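Here the numbering used here = 1-based position in the sequence shown + 3. All C-beta atoms in this analysis are idealised placements derived from N, C-alpha and C, irrespective of residue type, glycine included. Remember, it's a predicted structure, so these values are computed and weren't measured experimentally. Worksheet for the structure shown next.
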Amino acid sequence: MKRKPPSTKLSLKSFAIAVGSYLGLFVVLSAVFYLLNYLFLL
């Protein structure tokens, strides 16, 4: 790699955005799964 990596602030910001999106997706999937289980158990 001849080019230097981007500033740590930019990489940390993009990393935080990626982690936040993954956590949001996980929360939405778990909520949908919980609701489906609740509906099937009724």
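- Under the three-state reduction of DSSP output, Leu13 falls in the helix class.
- The alpha-carbon of Asn40 is positioned some 12 angstroms away from that of Leu32.
- Rounded to whole angstroms, Leu15 and Ser24 show a C-alpha spacing of 14 angstroms.
- Our two residues, Val22 and Phe43, have alpha carbons roughly 31 angstroms apart in a direct line.
- Assignment of Leu26 by DSSP, reduced to helix, strand and coil, places it in the helix class.
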